[in-house]
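Below is one structure, written out as structure tokens, with a few remarks after it.
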Amino acid sequence: MRGKKILVTGGTGQVARPVAEALAADNEVWCLGRFGDPAARKALEEAGARTVIWDMSTDDLEDLPRDFTHVLHSAVHRGDGKDFDRTARVNAVGTARLMTHCCAAEAFLYVSSGVVYNRADRMHRYREDDPLGGAAPWLPTYPVAKLSAEGVVRGLAEALSLPAVIARLNIAYGPYGHGGVPMILFNQMHRGQACSVPRGGQNYCNLLHTDDVVRQVPLLWAAAQAPARVVNWGGDEEVGMTDLLEHMSALTGVPLRLDRGDYSRETAVFDHDVRRGLIGDCSVGWRAGIARTLAELFEEYRDRIDAYAAAHAAE
Numbered sequence: 001m002r003g004k005k006i007l008v009t010g011g012t013g014q015v016a017r018p019v020a021e022a023l024a025a026d027n028e029v030w031c032l033g034r035f036g037d038p039a040a041r042k043a044l045e046e047a048g049a050r051t052v053i054w055d056m057s058t059d060d061l062e063d064l065p066r067d068f069t070h071v072l073h074s075a076v077h078r079g080d081g082k083d084f085d086r087t088a089r090v091n092a093v094g095t096a097r098l099m100t101h102c103c104a105a106e107a108f109l110y111v112s113s114g115v116v117y118n119r120a121d122r123m124h125r126y127r128e129d130d131p132l133g134g135a136a137p138w139l140p141t142y143p144v145a146k147l148s149a150e151g152v153v154r155g156l157a158e159a160l161s162l163p164a165v166i167a168r169l170n171i172a173y174g175p176y177g178h179g180g181v182p183m184i185l186f187n188q189m190h191r192g193q194a195c196s197v198p199r200g201g202q203n204y205c206n207l208l209h210t211d212d213v214v215r216q217v218p219l220l221w222a223a224a225q226a227p228a229r230v231v232n233w234g235g236d237e238e239v240g241m242t243d244l245l246e247h248m249s250a251l252t253g254v255p256l257r258l259d260r261g262d263y264s265r266e267t268a269v270f271d272h273d274v275r276r277g278l279i280g281d282c283s284v285g286w287r288a289g290i291a292r293t294l295a296e297l298f299e300e301y302r303d304r305i306d307a308y309a310a311a312h313a314a315e
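If you use the UniProt record's numbering, the sequence shown closes out at 315, no skipped numbers anywhere.
So this is what it looks like as structure tokens:
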């Protein structure tokens, strides 16, 4: 993608930052965010992106240009777990402001989440037309945030004739920010804390490396339409979370303690027929991607990870 004028929200996030840095080389990229991490903001600017502080809950967009050709909206007000009304309002109003401001864009991509699905079966492969109404015991307002914004994207895509894609993200990870859920779990291991897993079996997910995120965003923009298109967005492989934890332990030598109790953070697996039909397969396998991410974020384990990878290269 070259010569476009791109607006990215949530500029320091797991999806937005690598996309913005990659596209800034050949496009005019503007990043909106609260930028609580000054180092991330500096890295974006050094990559050629222009950064603007934007709090979705309070700030309008009147000082921004209106001639953006492509929009990636990944900013979210996750809520505090209790105030559902404010969570719904902030996400709905912020998304509506963004879409009306950029109503002449060629494509609008909203990054939603698999948390919107009504998840009752850990092995069910969720399709885009499955029932909605997700629950997140770890942050009850989060599904409301995503569902509220999805409703606005659907409505304004048609009302404004603005081609849009709603991409329901599984678990993105990579060497940006906190590294995603896998690196959050590894930090627990590193601190000697037990990782919560189901009492029986394990949870499954589709890990998506940021290399694939960066490569696929322009492809998703190209698939935008009005009415908005809904696409599951995750890696090709179905990954057991306990298998993930054991792999990270084997790579680094960090001991793994499992807490097989009544609570574990729920994940989901996707059916990817729609995504594959639109933009094809992913390119980064989860085992190699996790090894690369650990080596980049935890330098003290790099030699051990390299040795492990060499010893298991033929597997």
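All C-beta atoms, glycine included, are put in the ideal place defined by N, C-alpha and C.
Between which two residues does the beta strand (DSSP E) harbouring residue 329 extend?
With the chain covering only 1 through 315, there is no way to say anything about residue 329.
Trp233 burial status per 10 Å Cβ neighbour count (16 or more: buried)
The residue is buried, with at least 16 neighbouring Cβ atoms inside 10 Å.
Look at the Cβ atom of Asn203, then the Cβ atom of Met248, and state whether they are nearer than 8 Å.
Inclusion of Asn203 and Met248 in the CB contact set at 8 Å is not warranted, their separation being larger than that value.
Please return the same chain residues whose Cβ sits closer than 8 Å to the Cβ of Gly261, not counting the five positions on each side in sequence.
Excluding positions up to five away in sequence, the list reads Ser196 and Arg199.
Starting from the C-beta of Trp138, find all residues in its chain whose C-beta is less than 6 Å away, skip the five residues before and the five after it, and write them out in chain order.
Hits under 6 Å: Arg265.
Go ahead and label Arg2 buried or exposed: buried means 16 or more other beta carbons lie within 10 angstroms of its beta carbon, across all protein chains shown.
Exposed is the label assigned to Arg2, since fewer than 16 other Cβ atoms lie within 10 Å of its Cβ.
Residue closest to Ser112, alpha-carbon to alpha-carbon, out of Met99, Val153 and Met123
The candidate whose alpha carbon is nearest that of Ser112 is Val153.
Closest by C-alpha distance to His73, when choosing among Glu45, Ala20, Glu46 and Ala39
Among Glu45, Ala20, Glu46 and Ala39, the Cα nearest to that of His73 belongs to Ala20.
Start and end residues, alpha helix (DSSP H) containing Asp212
Its alpha helix (DSSP H) spans residues Thr210 to Ala222.
Would you call the segment 124-144 and the segment 80-87 touching, i.e. three or more CB-CB distances under 8 Å?
The answer is yes - the segment 80-87 touches the segment 124-144, with three or more Cβ pairs under 8 Å.
So, Thr252 versus Tyr301, is the Cβ gap smaller than 8 Å?
Yes, Cβ-Cβ distance for Thr252 and Tyr301 is below 8 Å.
Quick check on Leu245: does DSSP put it in helix, strand or coil?
For Leu245, the three-state secondary structure derived from DSSP is helix.
I need the boundaries of the beta strand (DSSP E) containing Thr9, first residue and last residue.
For Thr9, the enclosing beta strand (DSSP E) starts and ends at Lys5 to Thr9.
Examine the Cβ distances between the segment 220-233 and the segment 17-33 and report whether three or more of them are shorter than 8 Å.
Output reads no: the segment 17-33 does not touch the segment 220-233.
Please report the distance separating the alpha-carbon of His312 from that of Asp303.
Cα atoms of His312 and Asp303: separation of roughly 14 Å, rounded to the nearest angstrom.
Please report the straight-line C-alpha distance between Asp130 and Val230, rounded to a whole angstrom.
Asp130 and Val230: Cα-Cα distance of roughly 12 Å.
For the structure I just gave you, are there three or more beta carbon pairs, one from the segment 101-117 and one from the segment 34-52, closer than 8 Å?
The segment 101-117 is not in contact with the segment 34-52.
Please state whether the Cβ-Cβ distance between Leu98 and Val71 is less than 8 Å.
Yes; because the gap between Cβ atoms is below 8 Å, this pair is in contact.
For His70, which of helix, strand or coil comes out of DSSP?
When secondary structure is reduced to three states using DSSP, His70 falls in the strand class.
Can you pull the DSSP bridge partners for Gly33?
BP columns for Gly33 point to Ile53.
Name the one or two DSSP bridge partners that Gln225 has.
According to DSSP, Gln225 bridges with Ala164.
Less than 8 Å between the CB atoms is what I'm expecting for Arg41 and Thr12, so what's the real figure, rounded?
Contact flag correct, Cβ pair sits at about 7 Å.
Would the beta-carbon of Ile171 fall within 8 Å of that of Thr100?
The Cβ atoms of Ile171 and Thr100 do not sit closer than 8 Å to each other.
Just to confirm the assignment: which complete alpha helix (DSSP H) runs, minimum length 4, are found wholly within the segment 244-296?
Within the segment 244-296, the runs of alpha helix (DSSP H) that reach at least 4 residues and sit entirely inside it are, in chain order, 273-279.
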